[in-house]
Amino acid sequence: MKSVLVSLLIFLISIGNSIAQNSNDPETVTAFINATVIDGTGIDPLENATVVIVDKKITCVGKCETPKGAKIIDVKGKYIIPGLVDAHVHYDGDGSADPRPNRNDPERFHRSYLCSGITAVFDTGGPIWTLDLRDDAEGSTAAPHIVAAGPLLTTTPNLSEEPDVRRLNVHMDSEEAARFGVRMLSWLDSDAVKVWGLEIPEDREKTRKLLQVVAEEAKKADLPVIAHGHTLESAKDALREGNASVLLHPVSDTLVDEEFLELALKNDAVYITAMGYTQVLLAAGSSAGSGYSKISFPEQKIPLDCVDPKTRSRLSLIDSLPPKKWEFEKFRETFETSYKTHSSNLKRIHDAGITVAAGTDAGNLLLPHGPSLHTEMETMASAGLTPMEVLVASTRNGAKAMGRLDEFGTLEAGKVADMVVLEKNPLEDISNIRSIELVVRGGKVWTHDEMKYNDED
Ligand SMILES: [Zn+2]
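Numbering (this note's numbering), first residue to last: 20 to 476.
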């Protein structure tokens, strides 16, 4: 009986939908006028510009006729940029100290993203439900676009002590396992093949052979290979043997060399920054005396207006973690050294003409979804990129990493209407990225005030 009712309901809904589609609804036309437009391509800002949106798409940017009957939004003195892209996130974590993954209504992070001006994210590895989440988000104007890699191919069996965590991950300890892993991902409809922990195995020759197998299978399945490897050697293996098109982490152990730059250029690979966490950890750590260190969530570094109360209370639990016996000065030294290496590598890689995209690794400890990207952008600027270069890396290049540049990432006619109105000029100071007034996702206009969380929420 229940199934009959469900079928009837589905039938009625489908009739409703076809009526809605068949009716001659007038198009929704909106014109943002008097804007300074920074379109994400890297060209100089367009002054006194207009952006016309018809339904979900941008139809004109720059000197445009304002269509008759359009809803006019005057943004004089304000700045329009493309929706931001975080090219490295994990929806299965919330930034707290809890082990991943927790399913914990990940939909709540959609709002944190839009509230932070982020209209697209690359989930670079997680449980199988992240693929369903991706499908649900795509048709919604209340969620960012999500590209999702799903389960990982790992180089080690012990990714987590939790028996349930990522149980579909494939331990690629043989060529058969590597082949099986890629085929499984293709069958699951993953968007990418993520190879994890490439720096771990000591047997480099075996890892290289496995990467060749992954590359071969991924090519057959028409899937990009995206790679986790923190060392120069593992990053080069991923590019050379694995034909990787995205490197998800900065090279941390040493300065990159000519061979690395040549390999990355040859693959037209995208280098994801993921370097802000060092600054977050430095801001979070403090000495608790007698060689003990303590961490507490650094809200001055990552403001939490866009983060829901449930996540906030879980982040605040970090403060109650027992102090650990790390000597804070050593801890500081480690992260300061990493930050210096990341900065030098970022500048060198960027100047060599390799595509750099902003990504945070949000979902991991101390990296809440949404505002972590602003901190990442500030860290990139402090590494020597100009605000314009940071903006391009956080819009166009993120879309390129996701394989969706044809659809979004810049403000151009024909692209999805994803954009952000800022009160202050981000080219003067990249921290002005936080001065968000409006966020447009697929033509739907959200005010920052309605998306941020007030105390009574
Ligand atoms: Zn990650």
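Beta carbons are placed, not taken as given, at the ideal position from N, Cα and C, and that holds for glycine.
Per-residue burial, residue i [other beta carbons within 10 Å of its own, 16 or more giving buried]
i           : result
residue 359 : exposed
residue 84  : exposed
residue 448 : exposed
residue 111 : buried
residue 62  : exposed
residue 206 : exposed
residue 445 : buried
residue 339 : exposed
residue 287 : exposed
residue 236 : buried
residue 364 : buried
residue 262 : buried
residue 405 : exposed
residue 320 : buried
residue 466 : exposed
residue 67  : exposed
residue 341 : exposed
residue 88  : exposed
residue 176 : exposed
residue 151 : exposed
residue 462 : buried
residue 47  : exposed
residue 473 : exposed
residue 40  : The pLDDT assigned to residue 40 is 41, lower than 50, so where the model puts this residue is not dependable, and the model offers no usable value.
residue 313 : buried
residue 470 : buried
residue 241 : exposed
residue 58  : buried
Bridge partner(s) assigned by DSSP for residue i
i           : result
residue 65  : 56
residue 103 : 137
residue 190 : 173
residue 164 : 139
residue 282 : Beta-bridge pairing links residue 282 to no other residue.
residue 460 : 463
residue 441 : 98 and 455
residue 435 : 76
residue 51  : 70 and 92
residue 381 : 108 and 383
residue 213 : 245
residue 289 : 265 and 374
residue 81  : 69
Distance between beta carbons of residue j and residue i, contact taken as under 8 Å
i           : j           : result
residue 273 : residue 219 : The Cβ separation is near 17 Å, so there is no contact.
residue 297 : residue 399 : That pair is no contact at about 12 Å.
residue 227 : residue 194 : The pair is not a contact, with the Cβ atoms about 12 Å apart (cut-off 8 Å).
residue 385 : residue 326 : Contact flag wrong, Cβ pair sits at about 12 Å.
residue 103 : residue 144 : Not a contact, Cβ separation roughly 21 Å.
residue 310 : residue 346 : 5 Å
residue 397 : residue 379 : Not quite, the Cβ-Cβ distance comes to about 12 Å (not below 8 Å), so this is no contact.
residue 361 : residue 271 : 7 Å
residue 217 : residue 246 : 6 Å
residue 387 : residue 330 : 6 Å
residue 426 : residue 439 : Rounded, the Cβ-Cβ distance is 17 Å, inconsistent with contact.
residue 198 : residue 232 : 6 Å
residue 402 : residue 366 : 6 Å
residue 164 : residue 423 : 7 Å
residue 275 : residue 251 : 6 Å
residue 167 : residue 209 : 7 Å
residue 108 : residue 382 : 6 Å
residue 11  : residue 390 : As displayed, the chain neither begins before 20 nor continues past 476, which places residue 11 out of reach and without an answer.
residue 420 : residue 289 : 4 Å
Min CB distance residue i to chain B below 8 Å
i           : result
residue 241 : No chain B appears in the structure shown, which is made up of a single protein chain.
Secondary structure, alpha helix (DSSP H): runs of 4+ residues fully inside the segment 233 to 271: 251 to 259
Should the segment 246 to 257 be called in touch with the segment 209 to 224, which here means at least 3 C-beta pairs below 8 Å? Touching, per the Cβ criterion.
Do the segment 402 to 417 and the segment 372 to 380 make contact, defined as three or more Cβ pairs closer than 8 Å? yes
Residue ranges of each beta strand (DSSP E) within the segment 301 to 376, 3 or longer: 304 to 308, 311 to 314 and 374 to 376
Indicate whether the contact test is met: 3 or more Cβ pairs, each with one atom in the segment 401 to 412 and one in the segment 131 to 142, closer than 8 Å. no
Assess contact between the segment 423 to 438 and the segment 150 to 158, defined as three or more Cβ pairs (one per stretch) separated by less than 8 Å. Is contact present? no
Given 8 Å as the limit, is there contact between the segment 325 to 338 and the segment 349 to 356, that is, 3 or more CB pairs closer than that? Below 8 Å, too few C-beta pairs join the segment 325 to 338 and the segment 349 to 356 to call them touching: fewer than three.
Are three or more beta carbon pairs between the segment 455 to 462 and the segment 96 to 114 nearer than 8 Å? yes
At least three beta-carbon pairs within less than 8 Å, the segment 45 to 59 to the segment 88 to 96: yes
Runs of alpha helix (DSSP H) wholly within the segment 392 to 432 (minimum 4 residues, chain order): 406 to 412 and 415 to 420
Is there contact between the segment 128 to 136 and the segment 276 to 288, where contact requires at least three CB pairs shorter than 8 Å? no
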